[in-house]
Amino acid sequence: MDIHHHLRGQEPQKAAVEVVLVPLPAQGHLNQLMHLSRLISERGIPVHVVGSPTHNRQAKNRVHGWDPSTISNIHFHDFPLPSFPTPPPDPDASNKWPSHLLPTFEAAINLREPLAELLHSLSVTANRVAVVHDSLMNFAAKEASCIPNGESYCFNSCSAIFTLLYQWEDLGRPSIPDIESLNEPLLSLPNEDIVTDDFRNFILQHKESAQFDVGKLYNTCRPIEGKFVDLLGQEPFIGENMKQWAIGPLNPIAFDFNSMGGKSSRHKCLEWLDAQPNNSVLYVSFGTMTSVSDKQIKEIAFGLEKCEQRFVWVLRDADRGDLYSNQDQVRRIDLPEGYEERVKGVGMIVRDWAPQLGILAHPSTGGFLSHCGWNSCMESISMGVPIATWPMHSDQPRNALLVTEVLKIGVVVRGWAHRGEVASSTTIASPIRKLMVSEEGKDIRKRAEELGAAVRQAVSEGGTSTAELNAFLTHISRPPDL
131 MDIHHHLRGQ
141 EPQKAAVEVV
151 LVPLPAQGHL
161 NQLMHLSRLI
171 SERGIPVHVV
181 GSPTHNRQAK
191 NRVHGWDPST
201 ISNIHFHDFP
211 LPSFPTPPPD
221 PDASNKWPSH
231 LLPTFEAAIN
241 LREPLAELLH
251 SLSVTANRVA
261 VVHDSLMNFA
271 AKEASCIPNG
281 ESYCFNSCSA
291 IFTLLYQWED
301 LGRPSIPDIE
311 SLNEPLLSLP
321 NEDIVTDDFR
331 NFILQHKESA
341 QFDVGKLYNT
351 CRPIEGKFVD
361 LLGQEPFIGE
371 NMKQWAIGPL
381 NPIAFDFNSM
391 GGKSSRHKCL
401 EWLDAQPNNS
411 VLYVSFGTMT
421 SVSDKQIKEI
431 AFGLEKCEQR
441 FVWVLRDADR
451 GDLYSNQDQV
461 RRIDLPEGYE
471 ERVKGVGMIV
481 RDWAPQLGIL
491 AHPSTGGFLS
501 HCGWNSCMES
511 ISMGVPIATW
521 PMHSDQPRNA
531 LLVTEVLKIG
541 VVVRGWAHRG
551 EVASSTTIAS
561 PIRKLMVSEE
571 GKDIRKRAEE
581 LGAAVRQAVS
591 EGGTSTAELN
601 AFLTHISRPP
611 DL
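Residue numbering for the sequence shown follows the working numbering, starting at 131 and increasing by one per position.
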């Protein structure tokens with residue numbers, strides 16, 4: 131469907147709508163809006179992606195399943211930022227929220243002025259300029275309100291259940307039966323400790339600009355979080371005239387391993403997976419923002435050895451704010467002496483960037499030991515892969531409970547109550563074996579596979595997420611007087 135059309139009575143060169151995307155400069159946030167840019171551009175609507183040269187480069191280099199340079203109506207705007215510190219992550223920090231990235235987020239506020247100039251220039255050539263901004267880049271909403279034909283939409287990169295319960299607690303926990311009937315672990319989980327005080331202050335400083343938004347987008351779908359999306363669409367969580375759309379998952383959902391190129395172009399871990407039995411491999415990754423202590427790394431290593439399961443372990447430190455500076459200072463994580471030789475043939479250690487979606491989509495992958503970042507959850511669920519949960523910060527504790535308590539497609543490796551402890555190898559090995567080789571694990575996998583099929587249907591033609599995305603694009607392409 132191409133809904134980017136010239137409207138009757140308008141000058142022929144005037145676009146119906148131009149979309150401007152403003153992501154937060156962190157991998158999990160960049161990734162989601164990159165995939166949204168593709169979905170919008172495929173429907174014939176020009177898309178403008180705003181960011182620093184470094185973060186636009188990062189977004190393009192790491193996108194998986196398609197090549198942004200091949201799509202002519204995605205336009206990247208490289209706006210330089212003032213110099214900002216890019217300290218290394220602290221693997222021994224008691225709070226696992228990535229404080230080392232806060233200077234990057236603060237620097238990104240300087241995108242405001244060049245964004246304003248871009249919006250003013252686009253407002254002359256389009257009937258409407260629709261700004262879709264990350265929920266942590268609220269300044270973009272204020273700038274959209276400053277042009278006569280501008281509208282802003284808040285993109286929520288976290289789970290709906292996290293957004294719902296975070297807001298509910300902030301509102302003083304008003305009596306809402308559908309929330310109060312949720313599992314007790316979800317309700318008793320506090321908002322404290324999931325981020326640092328400095329980051330909470332960053333959120334509060336820019337919260338006011340959100341009042342200019344006219345709609346909200348969620349990277350989720352009805353099969354996963356329909357109940358929670360519906361609650362977010364009601365008072366007191368949404369304004370009277372506010373619209374919302376659940377358009378996820380924002381990741382590719384199909385991989386043809388026979389057409390992914392020859393050996394020279396495929397990642398070595400995919401080749402290794404080719405030789406393993408179906409559902410036999412545990413994929414281990416804690417995302418791009420979490421740094422794990424040396425002591426905990428050793429326990430994970432021994433735990434993977436004890437569980438006697440095949441595994442692919444992505445062992446790399448958290449991203450810095452600028453991936454391309456000080457590359458010689460990136461921490462190399464050491465494993466116990468002789469470890470890699472002992473697990474050779476059973477486990478594979480990947481120390482560079484790994485094609486996570488390709489790994490999860492591979493038929494040999496049977497489980498995912500994950501920090502439960504929302505990208506990772508959505509990707510794993512999309513591919514029907516059950517999750518062994520180990521939340522670290524932010525929305526992850528609630529995402530983990532969604533996986534284990536609500537959807538029942540995973541097991542707990544380390545619960546949030548034990549976040550300050552080093553998990554022992556035995557603590558790690560036991561739930562992994564439960565997931566991978568027990569009868570209970572088979573039931574969990576079956577539910578994960580069934581949910582994955584429902585999610586893939588949601589983003590197929592006629593699915594609920596496709597319908598909601600089309601509804602959003604129809605809405606922003608409406609005639610200018612509506």
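All residues carry an ideal CB built from backbone N, CA and C; glycine is no exception. Values in this document were obtained by computation on a predicted structure and should not be read as measured data.
| Item | Value |
| --- | --- |
| For Lys-564, three-class secondary structure by DSSP | helix |
| Status (buried if at least 16 other CB within 10 Å, exposed otherwise) for Trp-196 | exposed |
| Bounding residues of the beta strand (DSSP E) (the contiguous stretch that carries Gln-374) | 373-376 |
| Nearest neighbour of Thr-350, chosen from Gly-369, Leu-301, Asn-505 [CA to CA] | Asn-505 |
| Segments assigned beta strand (DSSP E), at least 3 residues, entirely inside the segment 334-376 | 345-348, 373-376 |
| Euclidean distance between Cα positions of Asn-613 and Gln-188 | This structure cannot speak to residue 613, because the chain is shown only from 131 to 612. |
| Leu-347 to Val-476 span [Cα, whole Å] | 42 Å |
| Complete beta strand (DSSP E) runs within the segment 414-472 (minimum length 3 residues, chain order) | 440-444 |
| With 16 other Cβ atoms within 10 Å as the buried cut-off, status of Gly-391 | Reliability of the predicted coordinates at Gly-391 is poor, the pLDDT of 43 falling under 50, and no value is obtained from them. |
| Secondary structure, alpha helix (DSSP H): runs of 4+ residues fully inside the segment 491-524 | 504-512 |
| First through last residue of the beta strand (DSSP E) which encompasses Glu-148 | 148-152 |
| Among Gln-486, Phe-269, Ser-560, the one whose alpha carbon lies nearest that of Pro-382 | Gln-486 |
| Cβ-Cβ separation, Ala-553 to Glu-429 (assumed contact under 8 Å), whole Å | 6 Å |
| Cα-Cα separation, Ile-479 to Leu-445 | 7 Å |
| Sequence-distant residues of the same chain with beta carbon closer than 6 Å to His-492, five excluded per side | Leu-403 |
| Alpha-carbon to alpha-carbon, Ile-511 and Leu-581 | 7 Å |
| Residue span of the alpha helix (DSSP H) that contains Ser-595, given as start and end | 594-606 |
| Close beta carbons around Leu-490, own chain, < 7 Å, minus the five adjacent residues each side | Tyr-413, Phe-498, Glu-509, Ser-510, Met-513, Val-515 |
| Terminal residues of the beta strand (DSSP E) in which Asn-186 lies | Unbroken run through Asn-186 is the alpha helix (DSSP H), 183-192; no beta strand (DSSP E). |
| Enclosing beta strand (DSSP E) for Asp-264 [first to last residue] | 259-264 |
| Of the listed residues Asp-611, Leu-249, His-263, Ile-239, nearest to Val-152 (C-alpha basis) | His-263 |
| Span separating the alpha-carbon of Leu-362 from that of Ile-368 | 7 Å |
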